[in-house]
Amino acid sequence: MKNTLRIKKDKVFKYIFKKGVYSKGNYVIVHSCKTKFSEEDKGGVNFFAVCVSKKNGNSVIRNRLKRYARAVYTEQETKLKSGYNYVVMYKKDTIGKEVNFNLIKEDIINCLKELDLYEENN
RNA sequence: GUAGUAUUUCAGAUGAUUGCUUGCCUUUAUGGCCAGAGGAAAGUCCGGACACUAUAGAGCAGGGUGCUAGAUAACGUCUAGUGGGAGUGAUCCUAAGGAAAGUGCAACAGAAAAUUACCGCUACUUUUGUAGUAAGGGUGAAAACGCGAGGUAAGAGCUCACGACAAUCUAUGGAGACACAGAUUGGGUGUAAACCCCACCUAGUGCAACACCAGAAUGAAACGAUAUUAGGUUGCUCGCCAAGUUUCAAGUUGGUGGCUUGAGAUGCAUAGUAAUAUGCAUUCUAGAUAAAUAAUCAUCUAAUACAGAAUCCGGCUUACGAAAUGCUCAUAUU
């Protein structure tokens, strides 16, 4: 996660959910949009965040789901387009005990392919 | 023994590959090394450390605690006991001061839930009442100590013997709660986790405390002299407002500290029934900030459940997987 920063503020999340594009998988919804910054300033930098609601499980399970999403992002970081915001939301129906790392990895990659942000050649 | 009960232990380990966070080292590199969640980290129910605010001293109100002795920094915690209760038993539970200071409450049923009288019993009068009584009946969670004798119109602790209970005194034992024995006295209930009385304790807010740095905006006060240029009010001057500079205040945003060496951990010895204390030796074991401790594979294995540090300690409560040991009970065999 060298070229990425975290999204911290509530305004940014609202901006992404309004103006961005999203695609749904089995367990995950991926939001994304272009960043506001010009290329000279922070052009090649990505922004990333994970959302897990309390309905998915207790704090152990929530931490594990965050780790899964972060691990997938760090593995596939070089293949993603730069200059975008990425937000991974877990659905409310997903129960944390029934989910694997591999399932979520496939799910996130499929969502990214639908949005044309995933480039396998690089 | 799919019985019960008490106590203790573990909560994965090793290796490989790819990654994350703090720290250290240096050739500053797409480096190397070390360390990296729990027994409950949880609930936030108590107690303290620490920080800030308040406070002469004493008291009221409010809040808390409530058998005895000890432990502790402190506690509503712990240890050892006493009394009471549950269980066949091992063992467990106990908010355990005061009802003779005062006030209140006691559903339904029942005559009556506190100075009681429906049925009944007795006497007198007589068909309806008066007086006495609490043996017996029935209601209830609870109805005036049990049983026998005397006594009486009928009865009654009204009196007596035996017993139970309570209070006081004496003797013995114990550090004490109290135990045990004897004597005297006593006879209308329960509830204080109802108000209340008594004894003892008790300032408030919590690391989002607090301190420092930087930036922007806000408020208050002071300055705002002379010459030139110069915002608004004005025909002009003074004055006022605005702008500017300095100081102070409070809080906001970002960052740094607070932050982990401590009522510490491990081992041994001594004192003590124990909680615990003292001494000696060894040792440094997470410190993140949208928040690190992960993924895959292999071997061992019971390795599964509950569950994620956020200023730090001591407890309590709740959730939960596995194993071991002691004791009790039941059955069977010898």
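According to numbering that gives the first Met the number 0, the residues represented by the first sequence are 0 to 121, in order. Even for Gly, the Cβ is constructed at its ideal location relative to N, Cα and C.
(request) Counting only the same chain and skipping the five closest in sequence on each side, list residues whose C-beta sits under 8 Å from that of lysine 123. (result) Within the shown structure, residues of the chain are numbered from 0 to 121, placing residue 123 beyond reach of any answer.
(message) Rounding to the nearest angstrom, what Cα-Cα distance links aspartate 115 and leucine 64 in this structure?
(response) Distance between the alpha carbons of aspartate 115 and leucine 64: 24 Å.
(request) Report the partner residues of lysine 17 according to the DSSP bridge assignment. (result) In the DSSP assignment, lysine 17 is bridged to no other residue.
(message) Run through the DSSP bridge pairs and tell me what alanine 48 is partnered with.
(response) DSSP lists Val86 as partners of alanine 48.
(request) Go ahead and label lysine 17 buried or exposed: buried means 16 or more other beta carbons lie within 10 angstroms of its beta carbon, across all protein chains shown. (result) Around the beta carbon of lysine 17, fewer than 16 other beta carbons sit within 10 angstroms, so the residue counts as exposed.
(message) For a quick check, are the C-beta atoms of alanine 68 and valine 98 less than 7 Å apart?
(response) Not a contact, by the Cβ cut-off of 7 Å.
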